[in-house]
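For the record, in the sequence shown the residue sitting at position 152 is 152 according to the working numbering, with numbers rising by one throughout.
Beta carbons are placed, not taken as given, at the ideal position from N, Cα and C, and that holds for glycine.
Every value quoted in this text rests on a predicted model; they were computed, and no experiment measured them.
Data first, discussion second: the structure below is written as structure tokens.
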Amino acid sequence: MRIVCIGGGPAGLYFALLMKQLDPAHHIRVVERNRPYDTFGWGVVFSDATMDNMRRSDPETASSIEAAFSHWDDIELHCKGVRIRSGGHGSVGIGRKKLLNILQRRCEAVGAELIFETEADSGADYPDADLIIASDGVNSRIRNKHGEVFEPDLVTWPNRFIRLGTNQLFDAFNFLIEKTEHGWFQAHVYKFDDATTTFIVQTPETVWR
């Protein structure tokens, strides 16, 4: 089968990797608009259950991710001067760039073809493909172009948010909720390597204005 994944993020790469391992006869191409080993963003979070699934599906990739991730078991909530901490929420954090680099190397190792710096607006760009995977992100142009077929259920919220980073490290996934003179702000904070923490702040549109 000739398969083209449009979008070289984690979803497209992992699909290509698993399909190639399932049947090495598949010809699989991953088409990505950015440069090789280029990426954007901060940390990515997986639950322990997700990691268990990855170990079953592809132990080698899971092992590489485990060697690079940060693990925590607790969630900590801060609100109105009160701190509440609970356990049993096992999760891992890993830098998005590191994750993509691991998946890219694994795809190359199993023989999937990676094509970079190439825009693809539709499956029509690859008429010889038996299967097109639209893995081009939350604002997928492929999905939007064929919305009448996929009928996606999209909900857009007006909250404003900014994704920041800090070198302060936390030993739990933190939710920080603060009321200011302008209104409520919330941050969710998690470590994704030995030196960096993602710090995402959001607030309603009315507070932003």
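Along the beta strand (DSSP E) that carries residue i, what are the first and last residues, could you check?
i: Asn34; result: No beta strand (DSSP E) holds Asn34; DSSP gives it neither H nor E.
i: Val155; result: Looking at the DSSP string, Val155 is not in any beta strand (DSSP E), and its letter there is neither H nor E.
i: Arg209; result: First-last for Arg209: undefined, no H or E at that position.
i: Ala187; result: 184 to 191
Going by beta carbon distance, what residues of the same chain come within less than 7 Å of residue i, once the five residues before and after it are set aside?
i: Asp136; result: Ile6, Gly7, Ile142
i: Glu108; result: Leu114
i: Met19; result: Ile3, His26, Ile28
i: Asp48; result: Gly90, Ser91
Considering Cα atoms alone, identify which of the options is closest to residue i.
i: Arg160; options: Gly183, Asp153, Asn174, Asp58; result: Gly183
i: Ser64; options: Met51, Lys20, Cys79; result: Met51
i: Val66; options: Pro36, Ile162, Leu99; result: Here the sequence assigns Glu to residue 66, which means Val is not the residue at that position. Looking at the Cα atoms, Leu99 is the closest of the given residues.
i: Phe150; options: Thr156, Ser140, Pro158, Trp157; result: Ser140
i: Glu60; options: Leu154, Arg106, Lys191; result: Arg106
i: Ile84; options: Ala172, Arg209, Tyr190; result: Ala172
i: Arg35; options: Ser122, Trp208, Gln104; result: Gln104
i: Thr206; options: Ala120, Ala195, Phe185; result: Phe185
If residue i and residue j are in contact, beta carbons under 8 Å, what's the gap, nearest whole angstrom?
i: Leu164; j: Val201; result: 7 Å
i: Val31; j: Ile115; result: 5 Å
i: Ala187; j: Leu169; result: So it is not a contact: roughly 15 Å between Cβ atoms.
i: Leu22; j: Val110; result: That belief does not hold up - the Cβ atoms of Leu22 and Val110 are roughly 10 Å apart, past 8 Å.
i: Glu119; j: Arg209; result: Glu119 to Arg209, Cβ: 35 Å. No contact.
Quick one: give me the first and last residue of the alpha helix (DSSP H) that residue i is part of.
i: Ser64; result: 59 to 66
i: Tyr14; result: 10 to 22
For residue i, which residues from the same chain have a beta carbon less than 8 Å from its beta carbon, with the 5 sequence-adjacent residues on both sides left out?
i: Val44; result: Pro10, Gly93, Ile94, Gly95, Arg96, Leu99, Phe192
i: Asp74; result: Arg85, Ser86, Gly87, His89, Asp171, Ala172, Phe173
Excluding the 5 residues flanking residue i on each side, which residues of the same chain have their C-beta closer than 6 Å to its C-beta?
i: His27; result: Arg2
i: Ala62; result: Met54, Arg55
i: Leu77; result: Ile84, Phe175
i: Thr196; result: Gly165
Taking one C-beta from the region 132 to 150 and one from the region 74 to 89 each time, how about it: are there three or more such pairs within less than 8 Å? no
Evaluate the contact criterion for the region 93 to 108 versus the region 64 to 72: three or more CB pairs, one atom per stretch, below 8 Å. Three or more pairs of CB atoms, one per stretch, sit closer than 8 Å, so the region 93 to 108 contacts the region 64 to 72.
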